[in-house]
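Peer 1: Structure in structure tokens, see below.
Number of protein chains: 2
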Amino acid sequence: MTEKPGITPWEVSNELKETDYDRIANEFGAKLIDGQMISRIKKIAGEVHPFLTHRIFFSHRDLDIALDSYEKGNKFYLYTGRGPSGEMHLGHLLPFVFTKWLQDRFDVDLIVQITDDEKYLFRDVNERDLEKYTKQNILDILSVGFRPEKTHVLVDTHHSGLLYNQAIKVSKHITASSVKAVFGFSDSDNIGKYFFTSMQSVPAFIMSVLKGRNVRCMIPYAIDQDPHFKLSRDVLPKLGYYKPSSIISKFIPSLKGGGKMSSSDRTTGIYLDDDPKTVRRKLMKYAFSGGRDTAEEQRKYGANPDIDFAFNVYRMLEPDIGKTSRVYEDYRSGKMLSGEMKGLAADMINEFLARIQSQREIVEKDYDSYMFDPSKLQ
Amino acid sequence: MTEKPGITPWEVSNELKETDYDRIANEFGAKLIDGQMISRIKKIAGEVHPFLTHRIFFSHRDLDIALDSYEKGNKFYLYTGRGPSGEMHLGHLLPFVFTKWLQDRFDVDLIVQITDDEKYLFRDVNERDLEKYTKQNILDILSVGFRPEKTHVLVDTHHSGLLYNQAIKVSKHITASSVKAVFGFSDSDNIGKYFFTSMQSVPAFIMSVLKGRNVRCMIPYAIDQDPHFKLSRDVLPKLGYYKPSSIISKFIPSLKGGGKMSSSDRTTGIYLDDDPKTVRRKLMKYAFSGGRDTAEEQRKYGANPDIDFAFNVYRMLEPDIGKTSRVYEDYRSGKMLSGEMKGLAADMINEFLARIQSQREIVEKDYDSYMFDPSKLQ
């Protein structure tokens, strides 16, 4: 029996510490994004995003190669995705904010893969719910503001013809041993699960297939997806395509603390349709705090902002790094109380959600035009 | 380690004796087609086909249930298939002759699945050859004379959208253990192979999906395909569909004797484009004979027609059972020599091939109209 790996897309430890991430990235063979890399991105992008500064996206594979190539005039395309198993909350959506930034700054195409087949195979869900969440999640994702003409949504069961024909090519190079080792499967897992990673590989080279020339792909993803793309990186060169580059994030902390927000309990996350009052109430009531038990202690000893949900979300949404530093300092020193920190975060979140909610109405009208359509690619 | 099963779709013993078939059918849990069943088919069909009389199609699963239902006015549909790994020879085509007879006599729809994905996953073939053989094989199969309006060709990579979305439902109910046990896979086999049986299951219930009501399916196949459909029969009821019925054949003997004709060596089979001279020459030169070494011995001791290639093919193509019995007796008794038997078979085969070759030109013009099209089903 193989030992189960610590992080797979379907089994995630809820108690990852900051230091664990560097260790895991290292074990996975990914590189850390260092100051030099951040400077390089800043030079090309014209600015740097808080997700990089704060090391939310902290690791990468061959990002340097993608940037080398980009600087020579060869654009990569972005590929990211979502398994539509339930409603999206803030933690699910925030990584897409960074992806949008990448799309805007690098002026590139984006494929968003919705793995409804995966959710069907790995979870106890019915088809009707899957369809509902698929549509809902796509609208939520698009509401982040991706560019309509450069954004292509691939839904596995809608685009299964296109995907399966390429997926079998990937699958021919992956043994049952590999998926057992990488995902921790056993003989009692179903054969759809065994095959699935092949479907998730396809968007990493589909542009090359359709354009008839090799195009680089860059994949922003959370670290639990790394096993998939490690396999993709092994297989794609065998099919004549580039290894995809990647930019890898930590988990977005959940409202109640811990590694990954759950979508089964509505009090563990801030939902995208929560109104401002609900957001404020959830933060006040449930948000995991790095502050002290009493205002007096807080004034005296200060908080630990690093583990504080409100601060963590605040820093992701605040583009002004100087401002974030001041908040960090005030909170850490005890000048700012937990309630104030939560209030600040609530304002930030509510402003963000208001944008999402108004944008959602616009993208809903154009929903179909975002669907991946090979005939529309140049 | 699980012990490898004796017959799987990809590993076939070449030395099966007549008695082995009954044993294998029994081990697989299939029933033998007895005289009573043949009478029943004759009653409904109005005649009986030599493939039944001579026990080429010798076994079944739930054929009685399909006939019960048919007699109450509920038609089944037929489903059969072919993996397009090379040119088709006579041995490949003959089972389709029986399927055509079933289609005509029962007046039913037929799905022909071309599993090009399977051949890609299991063999070392390139895409161009696969495409070539796919088209060629389809034309060969259609040349048997299937009814255009009731015949639907499903090509896995052309219809992959339709198939994959249903295949994942099947795959959710099949574990890696099962496919290891049934097909003899190991951990070093690729994950495409693991998944593939799900794709082969789909045509057994796709009519029910598309028509929105349960329709029975009857599958004529050679016994090496039984592991696939045994799994289908386990899974389909879990998805709310009928278990498929089946009618199971032995292997068509190869020119040189043995269980299954190979498509890699052109001298092991009679090809569909062989001209009459070539057919005669191949029979005379290569055909495995049940006759004696010399004419003198043959006159004295007689032949063993049961293992004789020429006789075996002759009896499949000769509709008149009485005639076949006389030939059998003459050959067995020594009244007829090997050369005469081969000459008789050559005439029969050449007549059959002439029909196929002329029919092929007609179906080639209507090729597209045979393709499976959900919108055309009533």
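In the order they appear, the protein sequences are chains A and B. Heads up, the first sequence is in the numbering used here, so the first residue is 1 and it goes up one at a time. Heads up, the second sequence is in the numbering used here, so the first residue is 1001 and it goes up one at a time. Where is the CB? At the ideal position from N, CA and C, for every residue including glycine. The model shown is predicted, which means the values in this text are computed figures rather than measured ones.
Any residues in the segment 1111 to 1127 of chain B with a beta carbon nearer than 8 Å to a beta carbon of chain A? Which ones, in chain order?
Peer 2: Those residues of the segment 1111 to 1127 of chain B that come within reach of chain A (Cβ to Cβ, closer than 8 Å) are 1117, 1120, 1121.
Peer 1: Can you tell me whether residue 310/A is buried or exposed? The criterion is at least 16 other CB atoms within 10 Å of its CB, across all chains shown.
Peer 2: By the neighbour-count rule (16 or more Cβ atoms within 10 Å), residue 310/A is buried.
Peer 1: Between residue 1176/B and chain A, is there a C-beta pair that is closer than 8 Å?
Peer 2: Yes, contact with chain A.
Peer 1: Cβ atoms of residue 1057/B and residue 1096/B: under 8 Å apart, would you say?
Peer 2: No.
Peer 1: Using only CA atoms, which one of 1067/B, 1030/B, 1225/B, 1074/B lies nearest to residue 1038/B?
Peer 2: Closest by alpha carbon: 1067/B.
Peer 1: What are the start and end residues of the beta strand (DSSP E) that includes residue 1081/B?
Peer 2: Counting along the chain, the beta strand (DSSP E) containing residue 1081/B begins and ends at 1077 to 1082.
Peer 1: Give the residues of chain A in contact with residue 1189/B, contact being defined as C-beta atoms less than 7 Å apart.
Peer 2: Simply 175, 176.
Peer 1: Determine the DSSP secondary structure at residue 222/A, reduced to helix, strand or coil.
Peer 2: In this structure, residue 222/A counts as strand in the three-state DSSP scheme.
Peer 1: Taking 8 Å as the cut-off, does the segment 322 to 329 of chain A touch the segment 357 to 365 of chain A (at least 3 CB pairs, one atom from each stretch)?
Peer 2: The segment 357 to 365 of chain A vs the segment 322 to 329 of chain A: no contact.
Peer 1: Is there contact here, the segment 191 to 210 of chain A with the segment 1199 to 1214 of chain B, by at least three beta-carbon pairs under 8 Å?
Peer 2: Verdict: no, contact absent.
Peer 1: According to DSSP, residue 190/A sits in a beta bridge with which residue or residues?
Peer 2: Answer by DSSP bridge pairing, in chain order: 1175/B.
Peer 1: Return helix, strand or coil for residue 1059/B, following the three-state DSSP convention.
Peer 2: Here residue 1059/B sits in strand by DSSP.
Peer 1: Give me, in chain order, the residues of the same chain whose beta-carbon lies closer than 7 Å to that of residue 8/A; leave out the 5 immediate sequence neighbours on both sides.
Peer 2: Taken in chain order, the residues that qualify are 183, 184, 224, 227.
Peer 1: With DSSP as the reference, identify every bridge partner of residue 1399/B, one or two as the case may be.
Peer 2: A query on residue 1399/B cannot be resolved here, the shown segment of chain B reaching from 1001 to 1378 and no further.
Peer 1: Would you list the one or two residues that DSSP bridges to residue 1043/B?
Peer 2: DSSP lists no partner for residue 1043/B.
Peer 1: Please go through the same chain and pick out, in chain order, the residues whose beta-carbon is closer than 7 Å to the beta-carbon of residue 1243/B, but skip the five residues on each side of it.
Peer 2: Taken in chain order, the residues that qualify are 1062, 1233, 1236, 1237.
Peer 1: Select from 216/A, 241/A, 213/A, 246/A the residue whose C-alpha is nearest the C-alpha of residue 381/A.
Peer 2: With chain A covering 1 to 378 only, the question about residue 381/A has no answer from this structure.
Peer 1: According to DSSP, what are the bridge partners of residue 1152/B?
Peer 2: BP columns for residue 1152/B point to 1111/B.
Peer 1: Using a beta-carbon distance cut-off of less than 7 Å, what residues from the segment 1142 to 1169 of chain B approach chain A?
Peer 2: Residues passing the 7 Å Cβ filter: 1157, 1160, 1161, 1164, 1165, 1168.
Peer 1: Grouping DSSP H, G and I as helix and E and B as strand, with all else coil, what is residue 89/A?
Peer 2: Three-state result, residue 89/A: strand.
Peer 1: Report yes if the CB atom of residue 135/A is closer than 8 Å to the CB atom of residue 85/A, and no otherwise.
Peer 2: No; because the gap between Cβ atoms is not below 8 Å, this pair is not in contact.
Peer 1: Taking only beta-carbon positions, decide if residue 1081/B is within less than 8 Å of chain A.
Peer 2: Judged by the 8 Å Cβ criterion, residue 1081/B is not in contact with chain A.
Peer 1: Within 10 angstroms of the Cβ of residue 390/A, are there 16 or more other Cβ atoms? Answer buried if so, exposed if not.
Peer 2: Since the first residue shown for chain A is 1 and the last is 378, residue 390/A is missing from the structure and cannot be characterised.
Peer 1: Looking only at C-alpha atoms, which of 1293/B, 1231/B, 1315/B sits nearest to residue 1167/B?
Peer 2: Per the Cα distances, 1231/B.
Peer 1: Can you list, in chain order, the residues of the segment 1300 to 1312 of chain B whose Cβ is nearer than 8 Å to any Cβ on chain A?
Peer 2: The segment 1300 to 1312 of chain B vs chain A, Cβ under 8 Å: nothing.
Peer 1: Let me know the secondary structure DSSP gives residue 336/A once reduced to three states.
Peer 2: It is coil, neither helix nor strand.
Peer 1: For residue 1195/B and chain A, any beta-carbon pair shorter than 8 Å?
Peer 2: With 8 Å as the cut-off, residue 1195/B counts as an interface residue toward chain A.
Peer 1: DSSP three-state label for residue 31/A, please.
Peer 2: Correct three-state label for residue 31/A: strand.
Peer 1: Throw me the rounded Cβ distance for the residue 1137/B and residue 1111/B pair, which I believe falls under 8 Å.
Peer 2: So it is not a contact: roughly 15 Å between Cβ atoms.
Peer 1: Closer than 8 Å is the cut-off here; do at least three beta carbon pairs connect the segment 1292 to 1311 of chain B with the segment 1332 to 1349 of chain B?
Peer 2: Taking 8 Å as the limit for Cβ pairs, the verdict is that the segment 1332 to 1349 of chain B does touch the segment 1292 to 1311 of chain B.
Peer 1: Is there a Cβ from chain A that is less than 8 Å from the Cβ of residue 1179/B?
Peer 2: Taking Cβ atoms only, chain A reaches closer than 8 Å to residue 1179/B, which makes this a yes.
Peer 1: Does the Cβ-Cβ distance between residue 1103/B and residue 1040/B come in under 8 Å?
Peer 2: Their beta carbons are not under 8 Å apart, which means residue 1103/B does not touch residue 1040/B by this criterion.
Peer 1: Once the 5 residues before and after residue 356/A are set aside, which same chain residues still bring their CB inside 8 Å of it?
Peer 2: Cβ neighbours of residue 356/A beyond the five flanking positions: 93, 140, 143, 144, 272.
Peer 1: Let's test the definition: count the other Cβ atoms within 10 Å of the Cβ of residue 1221/B and tell me whether it reaches 16, buried, or not, exposed.
Peer 2: Label assigned to residue 1221/B: buried.
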